[in-house]
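Enquirer:
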Amino acid sequence: MDKSNRKQDALNYHAKGRPGKIQVVPTKPTNSQRDLTMAYSPGVAEPCLRIAQNVDDVYKYTAKGNLVGVISNGTAVLGLGNIGPEASKPVMEGKGLLFKIYADIDVFDLELNAKSVDEFVTIVKALEPTFGGINLEDISAPTCFEIERRLKAEMKIPVMHDDQHGTAIISGAALLNACEIQNKKLEKIKMVVNGAGAAAISCSKIYLSLGVKKENLVMFDINGLITPERTDLDEMRLQFATTRKGITRLADAMKDADVFIGLSAGNVVTPDMVRSMAKNPIVFAMANPEPEIAYDLAVNARKDLIIATGRSDFPNQVNNVLGFPYIFRGALDVRASAINEEMKLAAVHAIAGIAKKPVPEAVNLAYDAKNLKFGREYIIPKPMDQRLITEVSSAVAKAAIESGVARKVITDWEAYAEELRARVGDDDKLLRNITIMAKNSPKRVVFADAENYKILRAAQIVKDECIATPILLGDVNKIKQVIEENQMELGEVEIIDPHLGTKRTEEYAQFYFEKRQRRGITLFEARQLMADSNYYGACMVQFGEADALISGLSKNYAATVKPALHIIGTEPGVRRVAGMYMMITQKGPVFFGDTTVNVDPSVEELVDITVLIERSVRKFNISPRVAILSYSNFGSNEGPIPEGTREAVRILHERYPEMIVDGDMQANFALNASLLADNFPFSTLKGRAANTLIFPNLESGNIAYKLLQEIGNAEAVGPILLGLRKSVHILQLDSSVREIVNMVTIAVVDAQAKANNNK
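FYI, in our numbering the residues of the sequence shown are 35 to 793.
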């Protein structure tokens, strides 16, 4: 992707709509005057008085117990250096976003204009009444060491500098597992650490805690080997000075070394250095974005190697998000007064332990893996592994209790695990998982409206993000003009103008004529229709020239779906197609159908639609809980719609006894598990809210999704066209670029599934 476009995309992402990435959202009702008198004066006085009597009640009546301060002075922002506190704010907001989506922890980010240790410590200490924990971020060494040391000593809430300890904890887990696989003893390994910043020092300290011997570790910084004779070093680095003889360069130290730890700069390690290492070597090349040695160079140099990097496009990504959200989650939940060494080591062992357990199928599917298992290419869990929040948070909480820093004791660990799972929901990462699945096996996607800027912008994004290979249909000159006017970089993308005809046009026309000649289509008409991008694109998919078709941005739904139905047809055993929306809500995804195709389905059609949608939801690795909706609850009202929905449920229970489906029911009962259980405990939804809603007709489904989209701030992904033999998906009229990208991603995953089914 052109660098200027990528930079502008990043700027647009942060500036679009409400600037920034986080906001404060009320957690209590505010709709009435009474609500406001409770939220503020005079009702707010009551919790104030209780807290004044017992300061620990601040955790009971305020957000303190779930609030972390992400604090920086902007002196070491990413790899950008000392760019100032204001310039660090986008990073701190991003850290807050990760805390929220991975562990449901609220964050206030604070960027301090404070360079000296004393000034920084004074400000943060004064904030202790506000926060349940402090995450220090992007503070330059060596001041970060002293700042963290003093704050930990002088504050009674957990404090952690993630730049130091996050990488240490994750790489420590990776080291434990890599040594086990390579049959190496921690106390005997020879280790080379390249880099001596905050992360390198903290990593080395945790490795020593795990069993590595200091005399077996040598460390380099930008000025070379760290030795006692150097006069340019602070105490933190001098503790890792070596007296070993015969070493002056990195290449010398790498000879016969068991482990290389890179926290420095890209491309400083050569294949020859890797070849000089001991048998079954371990290389953690964690510089970003360029590792100390390129992954391919390293694995080609040694077949007995285990390598980890900081990148997501290679196995064994050392990613701090595996640690910090869950470490703070566990610390907050027991009101820990600190994050101590016992808690950090508990996190190390918990993360390492997860990698040894069977991998959930959701993780395999997300990363397009048949069977991820403990081994050279899987030494630490994947970030999408939802076991992290339960196992790491629980391990940290237990360590806090056992080490005496917890002010709240958990006794029912099963209930705590359920509480943790409920915080993020089982399905909250669905779109991210689908994107990962798409990237693991990109498909060729043909775009039927390619003269449109938004289509071209989406095509560029999916190409750059390795989600799909776009094929553009339309007037070549117009497409190139839009690309040039908007300074897009689509590279060697294929552009086809169906109006001009191609070498495949006649073949496509003959195929269509033979298929539809007894439906009133002449060969002449078939040839004319092939000038239409929707017909031509559908033929490309049918003939295997593309894997999926995206269309509909500028045409009505019926005109777009008709060519796909006539040319591609339905899957074997499927009698009709249906339309479904994936609604991304604050409570997780909910699937709506039919919202676009079947106007007024009969009972049998309602059964077919339900079966089709239930099966499609399963493809996203979600267990569907289906509610067939009406204005009635289990016979409370009579009429054609409730009677029809009840009959559809009866048939489904009879034909598909394994399906979790019930109705007729009203939408509020379907989506409120407590309401349903209290009033209709016999429901086959088994006390859980529905996640798949079948509407009695297109009108109600279409109205419902649009209302939820506009009033409920839900993101609508769709319409997802179900039941076709190959992947074809129709956009909403005037979809946004983001919505188009989402639909392309769905189309790629759909094409992957259909390809696997046809093998």
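Note that the Cβ used here is the ideal one computed from N, Cα and C, for glycine as well.
Taking Cβ positions, are I643 and I728 nearer each other than 9 Å?
Expert: In contact: I643 and I728 (Cβ atoms closer than 9 Å).
Enquirer: Which of helix, strand or coil does DSSP assign to S33?
Expert: This structure gives no information on residue 33, because the portion of the chain shown stretches from 35 to 793.
Enquirer: How would you label Q216, buried or exposed, when you count the other beta carbons within 10 angstroms and need 16 or more for buried?
Expert: buried
Enquirer: Give the DSSP bridge partners of F490, in chain order.
Expert: Residue identity check: residue 490 is Leu in the sequence provided, not Phe. Note: L490 sits in no beta bridge, so no partner.
Enquirer: Suppose the cutoff is 8 Å on Cβ atoms and the five residues either side in sequence are ignored; what does the same chain contact list for V78 look like?
Expert: Answer for V78: M72, listed in chain order.
Enquirer: Between the Cα of D43 and those of S664, R491, P476, spot the shortest distance and give me the residue it belongs to.
Expert: R491
Enquirer: Using 9 Å as the threshold, is the C-beta distance between R561 and E548 below it?
Expert: no
Enquirer: With DSSP run on the structure shown, which of helix, strand or coil describes D462?
Expert: In this predicted model, D462 has a pLDDT of only 48, less than 50, meaning its place in the structure is not dependable enough to derive any value.
Enquirer: For the structure I just gave you, are there three or more beta carbon pairs, one from the stretch 767 to 784 and one from the stretch 472 to 484, closer than 8 Å?
Expert: yes
Enquirer: Hey, is L507's beta-carbon within less than 9 Å of any beta-carbon in chain D?
Expert: As a matter of chain content, chain D is missing from the structure shown, which is built from one protein chain.
Enquirer: Using C-beta distances below 6 Å, list every residue in its chain close to H195, excluding the 5 sequence neighbours before and after it, in chain order.
Expert: L170, C178, E182
Enquirer: Using CA atoms only, rank isn't needed, just tell me which of T536, T503, I489 is closest to I513.
Expert: I489
Enquirer: Pairing CB atoms from the stretch 631 to 646 with CB atoms from the stretch 729 to 736, are three or more of them under 8 Å?
Expert: yes
Enquirer: Give the range of the beta strand (DSSP E) segment to which A502 is assigned.
Expert: 502 to 507
Enquirer: Just how far apart, CA to CA, sit L209 and N353?
Expert: 14 Å
Enquirer: State yes or no: is the C-beta of L709 within less than 9 Å of the C-beta of L719?
Expert: no
Enquirer: Going by the beta-carbon positions, is the gap between E326 and A335 smaller than 9 Å?
Expert: no
Enquirer: Taking the C-alpha atoms as reference points, what is the distance between D461 and A287?
Expert: Interpretation of D461 is limited by its pLDDT of 44, a score under 50 that renders its predicted location unreliable; the figure taken from the coordinates is listed afterwards. Rounded to whole angstroms, D461 to A287 spans 47 Å at the Cα level.
Enquirer: I need the straight-line Cα distance from S636 to E677, nearest angstrom please.
Expert: Computed Cα separation, rounded: 11 Å.
Enquirer: Per DSSP, what kind of secondary structure is M189 in: helix, strand or coil?
Expert: Of the three classes helix, strand and coil, the one that applies to M189 here is coil, per DSSP.
Enquirer: Taking only the alpha-carbon atoms, compute the straight-line gap between F358 and S427 and give it to the nearest angstrom.
Expert: 10 Å
Enquirer: Leaving out the 5 sequence neighbours to the left and right, which residues in its chain are closer than 6 Å to L144 when beta-carbon positions are compared?
Expert: G103, I105
Enquirer: From which residue to which residue does the beta strand (DSSP E) around N169 run?
Expert: 167 to 170
Enquirer: Can you check DSSP and say which residues form a bridge with V751?
Expert: Answer is M616.
Enquirer: For the stretch 652 to 712, list the beta strand (DSSP E) runs that are entirely contained and at least 3 residues long, ordered along the chain.
Expert: 660 to 663, 695 to 699
Enquirer: Roughly how many whole angstroms lie between the Cα atoms of D628 and A612?
Expert: 6 Å
Enquirer: Going by other Cβ atoms of all chains shown within 10 Å of its Cβ, with 16 needed for buried, is G296 buried or exposed?
Expert: buried
Enquirer: Which of the three DSSP states is assigned to A319 in this structure?
Expert: strand
Enquirer: Using 8 Å as the cut-off, can you tell me whether the stretch 112 to 132 makes contact with the stretch 152 to 162, which would need three or more C-beta pairs spanning the two stretches below that distance?
Expert: The answer is no - the stretch 152 to 162 does not touch the stretch 112 to 132, with fewer than three Cβ pairs under 8 Å.
Enquirer: If you run the structure through DSSP and keep just helix, strand and coil, what is Q351?
Expert: DSSP, reduced to helix, strand and coil, places Q351 within a strand of the structure shown.
Enquirer: Measure the C-alpha to C-alpha separation of R363 and V141 and round it to an integer number of angstroms.
Expert: 12 Å
Enquirer: Taking 7 Å as the limit between beta carbons, can you name the residues of its chain near N572, skipping five residues before and five after?
Expert: Note that residue 572 is Ala in the sequence shown here, rather than Asn. L583, P597, A598, I601, I602, V762.
Enquirer: Could you say which of N228, I675, A593, G578 lies nearest to K788 if we only look at CA atoms?
Expert: G578
Enquirer: According to DSSP, which residues form a beta bridge with H763?
Expert: I584
Enquirer: Count the other CB atoms, across all protein chains shown, that sit within 10 Å of the CB of H199; report buried if there are 16 or more and exposed otherwise.
Expert: buried
Enquirer: May I have the straight-line CA-CA distance separating R68 from A380, to the nearest angstrom?
Expert: Roughly 47 Å between the two C-alpha positions.
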